[in-house]
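There are 2 protein chains.
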Amino acid sequence: MPLDLGAKGSCHIGGNVATNAGGLRLLRYGSLRGTVLGLEVVLADGSILNCLASLRKDNTGYDLKQLFIGSEGTLGVVTAVSILCPQKPNAVNLAFLACPSFSQVLKTFITCKDMLGEILSAYEFMDNGCMKLVERHLKLTNPVAESPFYVLIETSGSNSTHDEEKLSHFLEHVMDSDLVVDGTLASEGKKIKALWALRERITEALTCDGVVYKYDISLPVEKLYDLVTDMKVRLDTDAKNVVGYGHLGDGNLHLNVTAESYSHSLLDAIEPYVYEWVSQYYGSISAEHGLGFKKKHYIHYSKPKEAVLLMQQFKVMLDPKGILNPYKTLPSKAVR
Amino acid sequence: MPLDLGAKGSCHIGGNVATNAGGLRLLRYGSLRGTVLGLEVVLADGSILNCLASLRKDNTGYDLKQLFIGSEGTLGVVTAVSILCPQKPNAVNLAFLACPSFSQVLKTFITCKDMLGEILSAYEFMDNGCMKLVERHLKLTNPVAESPFYVLIETSGSNSTHDEEKLSHFLEHVMDSDLVVDGTLASEGKKIKALWALRERITEALTCDGVVYKYDISLPVEKLYDLVTDMKVRLDTDAKNVVGYGHLGDGNLHLNVTAESYSHSLLDAIEPYVYEWVSQYYGSISAEHGLGFKKKHYIHYSKPKEAVLLMQQFKVMLDPKGILNPYKTLPSKAVR
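Residue numbers (UniProt numbering), protein chains in the order written: chain A, 1 to 336; chain B, 1 to 336.
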């Protein structure tokens, strides 16, 4: 499958497509907009729209299926999917690295793209706040020296000798140039799983930490962590923890704030500040999740009003009675 | 650029996006639906729709830009594009191989995906009829032994030593198993260009051969050449040449028929037979080019009538006066 994500144990493919799920390997295999080849959709009037082709190239008229990918079920219900699956890799390798600063995380990424190139299949990062949470709440062990940032790099390729050679040249280079201060490698199932758990189980650790305010954001990669730093300063002792992690290779940050209990004043301190912050750098306030009903009124921070009006016209055309997943994705009144 | 195609010397990026151009390396870098990150579009009422983000992940509302990709300018005019460019490869290698049958072309492709994996960037094929045309009309030289089929394989990677090793293991294997009877390799600019010319200049050679009837078709890859074989038998001496070439890795066939002069009876022998043939295997009658005005009435061979009706509703909504690239892409009357 070209898609892999933390929710893989419980999510459904129809939901993945309806929310245009991103996940861990978008960096390598691209978005569902490129990998979904066909869809069957049930429309609001109960009729079935069959766009279930499995062709890589098909330019016969408009690509209707795109409208349903990421529409969160508000335009139709996805009932069948045809998806392009890449060749299964013969070799998978993982590196878990400790970086002394975010600027080193970025430099490591640039080096990585150059030296690992086509075998790079994930470039994830987490800050030390995240590491402390998985250690405390889930009893996981940090496999490297404590550092402000950690990076998880995955390679997937057809030749294990070549891949290991590329990875060891890369590691030599980043250690010699002090981009990375410590690291560990894995090429067999159990250790790979243990290293991925450090990154994939952050969400679980956060829920153990208290009430969680969650933000899923896209930003230019060099600005990615500034938002976390600013938020830490802004919230200070009002928050229990302010942490950042995510899919750095895709410019996708998961910003999370925890507190002992729900507080309206804390929420007011975060929102709309976080959306204004993202908007000034032309980022996205909802990167790989949908707007749902919580964020539909904030859509104008990422989209101009002409675009929202056009979306509302599509909604009225395809679902005139508003019966498909009502109250989601779009504001019901015109955005000004 | 993630896109490369025969028309690279004269095409424009706005046109590429408007027609959802496919080309030579879709196999590796995917379609424009995945690589186009943002668009600026002028709508029928003269207003500008700004969807010019450059984010890899953005799920804030419906992805409006998708509607304009591949709509052939009938819904809006693309005036700016933001596109995701992959890392430039350090090493590029080409192999030009001679195959004794189409079934061997297919087996070579399967072997190729397994042994070259992530470095494979193009898998093109041409039949001997195409080779004879480029030899006769363009004075190009066949670099390998004359065979019923030829395959052009391109690899693009970050490490030339690794890539050459993969390629030579692959070649050893396909020669030993008699999938390939002769072959030549290229890793430097001039020879690479000369080998690509054999494939890229087929269109030019065809125009020198007489009147050309051109078809751009997607089919399940194992059925791809049967259409050419059937057409040869069907047209017999009525055609001067019936040849097939194309992007085998994407299931995309370019079927071409030439004749000394235009003949309505020859066209009637080809159409709608070719569209019926494609339709029975759920193929596409317009793979990487658009329907334009010549093929708009044949859309129902690839799309169900519910889909065409929905497309017509989009057209009416976005261009009520029908002023954008009129008479193209969609039939004006309802398809039954």
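Glycine is no exception: its CB is placed at the ideal position from the N, C-alpha and C atoms.
With 16 as the cutoff for other CB atoms within 10 Å, does residue i come out buried or exposed?
i: alanine 145 (chain A); result: exposed
i: proline 320 (chain B); result: exposed
i: phenylalanine 293 (chain B); result: exposed
i: valine 316 (chain B); result: exposed
i: serine 10 (chain B); result: exposed
i: proline 89 (chain B); result: buried
i: histidine 12 (chain B); result: exposed
i: cysteine 208 (chain A); result: exposed
i: histidine 162 (chain B); result: buried
i: threonine 74 (chain A); result: buried
i: isoleucine 110 (chain A); result: exposed
i: alanine 205 (chain B); result: buried
i: serine 121 (chain A); result: buried
i: histidine 264 (chain A); result: exposed
i: histidine 247 (chain A); result: buried
i: leucine 267 (chain B); result: exposed
i: cysteine 112 (chain B); result: buried
i: tyrosine 62 (chain B); result: buried
For chain C, check one thing: does any of its Cβ atoms lie closer than 7 Å to the Cβ of residue i?
i: glutamate 40 (chain B); result: Here the protein chains are A and B, and chain C is not one of them.
Between residue i and residue j, how many whole angstroms is the CB-CB distance? I'm expecting something under 8 Å.
i: alanine 44 (chain A); j: leucine 310 (chain A); result: Between leucine 310 (chain A) and alanine 44 (chain A) the Cβ distance is about 18 Å, and since that is not below 8 Å, they are no contact.
i: alanine 259 (chain B); j: lysine 232 (chain B); result: Between lysine 232 (chain B) and alanine 259 (chain B) the Cβ distance is about 14 Å, and since that is not below 8 Å, they are no contact.
i: aspartate 178 (chain A); j: proline 148 (chain A); result: Their Cβ separation, rounded to whole angstroms, is 14 Å, which puts aspartate 178 (chain A) and proline 148 (chain A) out of contact at 8 Å.
i: leucine 55 (chain A); j: serine 218 (chain B); result: 4 Å
i: alanine 287 (chain A); j: asparagine 59 (chain B); result: 7 Å
i: alanine 21 (chain B); j: leucine 3 (chain B); result: 6 Å
i: tyrosine 213 (chain A); j: isoleucine 270 (chain A); result: 6 Å
i: alanine 53 (chain B); j: leucine 37 (chain B); result: 6 Å
Can you look up residue i in the DSSP assignment and give me helix, strand or coil?
i: aspartate 178 (chain B); result: coil
i: valine 274 (chain B); result: helix
i: lysine 88 (chain B); result: coil
i: lysine 214 (chain A); result: strand
i: arginine 336 (chain B); result: Residue placement at arginine 336 (chain B) is flagged as unreliable, the pLDDT there being 45, under the threshold of 50; the coordinate-derived value follows with that caveat. Here arginine 336 (chain B) sits in coil by DSSP.
i: aspartate 127 (chain A); result: strand
i: isoleucine 69 (chain B); result: coil
i: alanine 239 (chain A); result: coil
i: cysteine 208 (chain A); result: helix
i: asparagine 142 (chain A); result: coil
i: glycine 38 (chain A); result: strand
i: serine 121 (chain B); result: strand
i: glutamate 188 (chain B); result: coil
i: tyrosine 225 (chain A); result: coil
i: asparagine 20 (chain A); result: coil
i: histidine 254 (chain B); result: strand
Excluding the 5 residues flanking residue i on each side, which residues of the same chain have their C-beta closer than 6 Å to its C-beta?
i: leucine 64 (chain A); result: Cys51
i: proline 331 (chain A); result: Lys296, His297
i: tyrosine 215 (chain B); result: Leu255, Val274
i: leucine 185 (chain B); result: Ala95
i: isoleucine 192 (chain A); result: Leu94, Ala186
i: residue 414 (chain A); result: Beyond the ends of chain A as shown, which are 1 and 336, falls residue 414 (chain A); an answer cannot be given.
i: tyrosine 245 (chain A); result: Met126, Cys130, Ile202, His254
i: serine 160 (chain B); result: Ala91
i: aspartate 250 (chain B); result: Leu26, Leu27
i: lysine 166 (chain A); result: Leu116
i: glycine 14 (chain B); result: Val78
Who are the near neighbours of residue i in its chain, counting only those whose CB is closer than 8 Å to its CB and skipping five residues on each side?
i: threonine 141 (chain A); result: Glu135
i: glutamate 72 (chain B); result: Ala18, Thr19, Gly290, Leu291, Gly292, Asn325, Lys328, Thr329
i: aspartate 182 (chain B); result: Leu97, Ala98, Val144, Ala145, Ser147
i: tyrosine 301 (chain A); result: Pro272, Tyr275, Glu276, Val278, Ser279, Ile285
i: glutamate 164 (chain A); result: Ala91, Asn93, Ser187
i: valine 42 (chain A); result: Ile48, Leu49, Gly76, Val77, Thr79
i: serine 101 (chain B); result: Pro148, Phe149
Can you list, in chain order, the residues of its chain whose CB lies under 7 Å from that of residue i, leaving out five sequence neighbours each side?
i: glutamate 222 (chain A); result: Leu106
i: leucine 138 (chain A); result: Arg201, Glu204, Ala205
i: glycine 46 (chain A); result: none
i: aspartate 238 (chain A); result: Leu266, Ala269
i: glycine 6 (chain A); result: Glu200, Thr203
ask   = Taking a cut of 9 Å between CB atoms, which residues from the region 264-289 of chain B lie near chain A?
value = Tyr282, Gly283, Ser284, Ile285, Ser286, Ala287, Glu288, His289
key: Within 7 Å of chain A by C-beta, residues of the region 239-265 of chain B in sequence order   = Asp250, Gly251, Asn252
query = Of all the residues that make up the region 289-315 of chain A, which are near chain B by a beta-carbon distance shorter than 7 Å?
reply = His289, Gly290, Leu291, Ile299, Ser302, Lys303, Pro304, Glu306, Ala307, Val308, Leu310, Met311, Gln313, Phe314
query = Just by C-beta distance, which residues in the region 203-224 of chain A are closer than 7 Å to chain B?
reply = Ser218
ask   = Given a limit of 8 Å on CB to CB distance, which residues of the region 141-173 of chain B reach chain A?
value = With the criterion set as a beta carbon lying under 8 Å from some beta carbon of chain A, the members of the region 141-173 of chain B are Ser156, Gly157, Ser158, Asn159, His162, Glu165, Lys166, in sequence order.
Members of the region 93-117 of chain A near chain B, C-beta cut-off 9 Å = Against chain B - using a Cβ distance shorter than 9 Å - the residues of the region 93-117 of chain A are Lys113, Asp114, Met115, Leu116, Gly117.
Where the region 48-68 of chain B meets chain A: residues whose CB sits under 7 Å from a CB there = Leu49, Asn50, Cys51, Ala53, Leu55, Arg56, Lys57, Asp58, Asn59, Thr60, Gly61, Tyr62, Asp63, Leu64, Gln66, Leu67
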